[in-house]
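A.B. asks: Listed in order, the protein sequences are those of chains A and B.
Residue numbers for the first sequence follow the numbering used here, beginning at 249 and rising by one.
Residue numbers for the second sequence follow the numbering used here, beginning at 3 and rising by one.
Even glycine gets a Cβ: it sits at the ideal position worked out from N, Cα and C.
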Amino acid sequence: MKRGLAILIVVLTAALLAAGWLQAGGLKIQAERSGRTPDEAVRALMASIQARDWDRAYRGLDHSNDLQQADFVREIAGADGSLRTYSNLQSFDIWPVHASAGQAMLRVRLNWSSAVGSLAEVRDLQVVRSGDAWKVVWPRPNFAKVPLHVLPVNYLRWDVVGRRSDDWGTATVDSPQVRILSMNAVERPDSVVVVGEVENEDTVPAYLNISAALLKSDGSVLAQQDSFDAISHSLLPKQVSPYRIDFPGARLSQVKSVRIDAHPLLIPASADPVISVENQSVSKDALGRSILKGSLVNQSGQIVNIAQVLAVFYDTSGKAIWVSDGYVDQALQPQAPVPFAVDIPADVANRMHDYHVAVNHYTAPSA
Amino acid sequence: MPLRTPQWWSYGLFLATLSTFLSAQEPALRVPATVSAGSPFAISVRGQGRGTLYLLGPSRALRREIEFGKDASISGDDVSSSGIYQVVVCAGGSCATKNLEVRPAPAKRLGFLLHPSRVPVSTRNAVNATAIAFDQHSNVVLAPADVTFRISPAGEKPIEKTVPTVLGIASFQMDSRASQGTLEVNAKLDDTTEPRVIQQVASEACGLRMTAVPAGTTITLQTDPIRDCKGNPLPDGTIVSFTKIDGAGKSTVDTPIKKDRAVAQFSVSGPARISVACGVVVGNEIAWGGRQ
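(1) From the DSSP secondary-structure annotation, give me the bridge partner or partners of Gln528(A).
(2) My parser needs the beta strand (DSSP E) runs of 3 or more residues fully inside the segment 292-374 of chain A; what are they?
(3) Could you give the residue range of the beta strand (DSSP E) that holds Asp595(A)?
(4) Please confirm whether Pro286(A) and Ala347(A) have their CB atoms less than 8 Å apart.
(5) Which of the residues in the segment 248-260 of chain B, read from start to end, lie with their CB under 7 Å from any CB of chain A?
(6) Measure from the C-beta of Ser25(B) to each C-beta in chain A and report whether the shortest distance is under 8 Å.
(7) Could you list the residues in the segment 517-534 of chain A with a C-beta less than 8 Å from some C-beta on chain B, going in chain order?
(8) Please name the residues in the segment 116-135 of chain B whose beta-carbon is closer than 7 Å to at least one beta-carbon of chain A, in chain order.
(9) Tell whether a beta-carbon distance below 8 Å holds between Leu399(A) and Pro582(A).
(10) Can you pull out the residues from the segment 215-243 of chain B whose beta carbon lies closer than 9 Å to at least one beta carbon of chain A?
(11) So the beta strand (DSSP E) Asn402(A) belongs to, where does it begin and stop?
(12) Counting only runs of 3+ residues fully inside the segment 475-563 of chain A, write out the beta strand (DSSP E) ranges in chain order.
(13) What residue range does the beta strand (DSSP E) around His604(A) cover?
(14) List, in order along the chain, the chain B residues whose C-beta lies closer than 9 Å to that of Asp591(A)?
(15) When the Cα of Asp474(A) is compared with those of Ala461(A), Lys486(A), Ala305(A) and Asp319(A), which residue comes out closest?
(16) If the cut is a Cβ gap below 9 Å, which residues of chain A does Val282(B) touch?
(17) Could you tell me if Gly542(A) is buried or exposed, where buried requires 16 or more neighbouring beta carbons within 10 angstroms of its beta carbon?
(18) Output, in chain order, the set of chain B residues within a Cβ distance shorter than 8 Å of Asp422(A).
(19) In chain A, what lies closer than 7 Å to Val203(B) by C-beta?
(20) From the DSSP secondary-structure annotation, give me the bridge partner or partners of Asn130(B).
(21) Looking at the strands, I want to know which residues DSSP matches up with Asn234(B).
(22) Can you tell me the Cβ-Cβ gap for Ser548(A) and Val440(A), rounded? I've got them flagged as a contact below 8 Å.
(23) Given a limit of 7 Å on CB to CB distance, which residues of the segment 88-116 of chain B reach chain A?
(24) Output the distance between the C-alpha atoms of Cys97(B) and Val90(B), rounded to the nearest integer angstrom.
(25) Between the Cα of Ser277(B) and the Cα atoms of Glu287(B), Ala30(B) and Ser269(B), which residue gives the shortest distance?
(26) With a threshold of 16 other CB atoms inside 10 Å of the CB of Val259(A), please say whether the residue is buried or exposed.
(27) Taking Cβ positions, are Pro258(B) and Ile241(B) nearer each other than 8 Å?
(28) Nearest-angstrom Cα distance between Leu115(B) and Leu236(B)?
(29) Among the residues of its own chain, which have a CB less than 8 Å from the CB of Pro585(A), if the five just before and after it don't count?
(30) Which residues in chain B have a C-beta closer than 7 Å to the C-beta of Val576(A)? List them in chain order.
(31) Between which two residues does the beta strand (DSSP E) carrying Phe151(B) extend?
(32) With a threshold of 6 Å on Cβ separation, who are the neighbours of Leu102(B) within its own chain once the five nearest residues in sequence on each side are excluded?
(33) Would Gly329(A) pass as an interface residue toward chain B - the criterion being a Cβ-Cβ separation below 8 Å?
(34) By the three-class DSSP mapping on this structure, what secondary structure does Ile257(A) have?
(35) Exposed or buried, which one is Phe476(A) when buried takes at least 16 other CB atoms within 10 Å?
(36) Give me the subset of the segment 542-570 of chain A whose CB atoms are less than 7 Å from a CB atom of chain B, sorted by chain position.
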C-alpha cells in the first residue's frame with residue numbers, strides 16, 4: 249500500500265514537472281536549440297543570447313572564421329560601461345532573405361531593453377549547414393586596436409566654488425545666457441513635435457533644459473512638456489545643440505501658439521572629451537528606411553561610456569524640420585571610430601536639404 | 003399735533019451726555035505721532051486704574067499690562083521695523099486706539115546689486131547698478147540721500163557718479179567697456195561703502211578665419227587667434243565647429259579654443275569643402291583641392 253502511494257506521488261510529481269515544462273515553452277525552446285533548419289539555428293542563438301548563456305550561444309556558431317568567444321561576448325554583452333552592458337535582449341523577429349541547400353541568409357531584428365529605453369538593431373546573419381545542423385556565421389568583430397601611446401589631455405575645466413550668500417545683491421554669479429536660435433512646431437501622425445536649436449552664448453558652461461507649452465486660441469495651456477533626453481544638456485560656451493519636445497496625442501490644429509522657455513544652470517564642466525562625427529551620409533538601411541549614418545571618434549584619452557547622437561535636419565530655407573536622436577551601444581575607446589545610425593522619417597528625408605549632428609556623452613567618473 | 007423745533011439747550015445736553023459716556027468708556031491715550039525705528043519712547047494714559055496695552059506693528063505685536071497715569075515705556079527693539087503701528091489701550095471693556103508712524107532711522111547700510119555678473123564688452127546699457135539705503139534695522143530709508151558710485155574698469159582711471167535716492171533707491175545704467183576684464187563699482191553713502199565686481203567678457207567672434215596644412219591624407223585646420231570685434235580674445239574652452247564635406251560624406255568636430263586658437267584634424271578623400279563656425283558666427287571656407 250505504502251509502495252503504491254510512493255509510486256503514485258512520484259508519477260504525479262513527474263507529470264506536474266512535465267506540464268510545467270510544456271507550459272513554460274519547453275518544446276519551443278528545445279526546438280530553438282536544435283538548429284535543424286536555418287530559422288531554428290538563428291532562433292536558438294537568439295534564445296541563448298536572451299538567456300545570456302554565452303557558452304551555448306557560442307556553441308551554436310560556425311567557427312570557421314576563428315571567432316573567439318571573448319570577442320563574441322564583448323560584442324553582444326558590451327564592455328567598458330557601454331550602454332550594451334545595461335541592456336537585455338527583450339525580443340527578436342526573424343525573416344528569411346534567401347536560402348540554398350548549404351547556406352541561407354536571415355534578417356534579424358533585435359529589440360534590446362536598455363537603461364535609456366528600447367533600442368532596435370537589424371542584422372543580416374549568414375547560416376551554413378554543418379552536417380545535420382545549421383550554424384550561424386557570426387562576423388568576427390573588428391575592434392579597433394590603438395597602439396600604445398601617450399595622449400596629453402590639457403583641456404579646460406570649469407569649477408563652481410564658494411557659497412551663495414543670502415544677502416541681497418551679493419549673489420555674484422548669474423546663470424549662463426542661452427539663446428533659442430530656432431523653433432518649429434511640426435505635426436507628426438500621432439503627435440505635435442517642437443524642434444529647434446539652442447546656443448549657450450555665455451563664456452561659462454551651462455546645464456540646460458528646454459520646456460514648451462502648446463497654447464490654445466484662448467491662451468490656455470493645451471499641453472506642456474520638456475526636452476527630456478532629446479537635447480545636449482551640457483553646453484560649453486558657444487556650443488549649439490538641437491532639441492526636440494514631443495507632445496503625444498496633440499494636433500497642430502488645436503494650437504494657436506507655442507511658449508518656449510530655456511532653463512540654464514551654471515555647472516562645473518570639462519571641455520574634454522572632444523568627439524568628432526565623421527563620414528556622415530544619408531542612405532537606406534536593410535529595411536529600406538532612410539538613415540543618417542557615420543562614425544564617432546573619441547579624440548580624447550578617456551573612454552566615453554555612453555554616447556548619444558542628435559541630428560537636426562533643415563529644409564531648403566534653413567529651417568529646422570526634424571531632430572532625430574539615437575544612442576550608441578558601444579563605448580567610445582580613444583581614437584577608435586564607432587559607427588552610428590539614426591532614423592530619418594520618410595517625409596523629412598524627402599524635404600531635407602542639410603543636417604547637423606551633435607554628440608551628447610556620458611562618462612563614468614574615474615576612480 | 004405739529005412737531006416742535008428742538009431748542010439749542012437740547013443739543014448741548016446731548017453732546018454733554020455723549021462726552022460723559024465716551025470718557026467713561028475710552029481711556030485718554032497719548033502717543034507720539036512719529037518715532038524713529040529702534041528708538042525707545044513712552045505712551046501715557048490719563049486717569050487711574052489699570053489696563054492692557056497692545057502695540058500692533060508690521061512685523062511685531064506686543065501686549066502689556068499698564069497702569070494709567072504713568073508713562074509706559076516702549077523699547078527700541080519693539081519698534082525696529084518702520085511702518086504704521088496701532089497703539090490700543092483697553093480697560094473695562096472699552097478700548098482707545100491711536101496710530102503711530104515709525105520712520106526709518108538714518109542710513110547705516112547699503113544693499114548693492116551690480117548686474118549682470120558677466121557682460122559682453124561694448125554693450126549698450128548692459129550694466130545695471132542699484133543701491134538701496136537701509137538703516138541699522140534693515141528698513142529702507144526713504145529720505146533722499148546721495149549715493150556715490152565709484153566706477154573702476156580694469157586698466158582705466160576710476161570715475162565717480164553721484165545719484166540721489168528716490169524712495170530709498172539709487173540706480174543707474176552704463177555701457178560695458180570695450181576691453182574685457184573686471185569692472186569694480188563701489189557704492190558709497192556717508193561712511194558706508196559696498197564694493198561689487200563683475201566681469202566684462204569677450205563678445206561674439208569677429209573675422210573668424212582658419213588655415214589648412216596638409217600632412218599625408220590628413221589636413222590640420224587651425225584658426226587664427228579668435229577675437230571679438232574689439233580685439234578681445236575669446237576665452238579658452240569656447241567651442242569652434244569645423245565641418246568638412248568630401249567624397250566620404252560630411253564630418254564635423256566641435257573643439258574648444260586653446261590658447262586663443264582652435265585646431266582640428268580631418269582625413270580627406272578627394273576634393274573637400276571645409277568651413278568653420280563659432281556659435282552663430284561663420285568663418286571662412288576652404289575648398290581643398292581647389293582654390294581657397
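C.D. replies: Judging by the given coordinates:
(1) Lys252(B)
(2) 336-347 and 351-362
(3) Note, Asp595(A): premise wrong, no beta strand (DSSP E); alpha helix (DSSP H) at Ala594 to Arg599.
(4) Yes; because the gap between Cβ atoms is below 8 Å, this pair is in contact.
(5) Here the close residues are Ala250, Gly251, Lys252, Ser253, Thr254, Val255, Asp256, Thr257 and Pro258.
(6) Residue placement at Ser25(B) cannot be trusted, given a pLDDT of 45 that sits under 50; the coordinates are not used to answer.
(7) Ala519, Val522, Ile523, Ser524, Val525, Glu526, Asn527, Gln528 and Ser529
(8) Pro118, Ser119 and Arg120
(9) yes
(10) Under the 9 Å Cβ criterion, the segment 215-243 of chain B contributes Leu236, Pro237, Asp238, Gly239, Thr240, Ile241, Val242 and Ser243.
(11) Looking at the DSSP string, Asn402(A) is not in any beta strand (DSSP E), and its letter there is neither H nor E.
(12) 488-496, 505-514, 523-532, 538-546 and 554-562
(13) Asp602 to Tyr610
(14) Per Cβ cutoff of 9 Å: no residues; Asp591(A) is ~17 Å from chain B at best.
(15) Ala461(A)
(16) Arg427, Leu429, Glu447, Glu449, Lys486 and Val488
(17) By the neighbour-count rule (16 or more Cβ atoms within 10 Å), Gly542(A) is buried.
(18) Within 8 Å Cβ-Cβ: His117, Pro118, Ser119 and Arg120.
(19) Thr451
(20) For Asn130(B), which the question treats as bridged, DSSP gives the partners His117(B) and Gln175(B).
(21) Asn234(B) is not bridged to any residue.
(22) With 8 Å as the limit, Ser548(A) and Val440(A) do not qualify as a contact, their Cβ atoms being about 38 Å apart.
(23) Gly113, Phe114 and Leu115
(24) 6 Å
(25) Residue Glu287(B) is the option with its Cα nearest to Ser277(B).
(26) With fewer than 16 Cβ atoms within 10 Å of its Cβ, Val259(A) is classed as exposed.
(27) yes
(28) 27 Å
(29) Ala392, Glu526, Ser543, Leu544 and Val545
(30) Going along chain B, no residue has its Cβ under 7 Å from Val576(A), so there is no contact; the nearest lies around 16 Å.
(31) Asp148 to Pro155
(32) Val33, Tyr87 and Val89
(33) no
(34) helix
(35) A residue is called buried when at least 16 other Cβ atoms come within 10 angstroms of its Cβ; Phe476(A) does not meet this threshold and is exposed.
(36) Gly542
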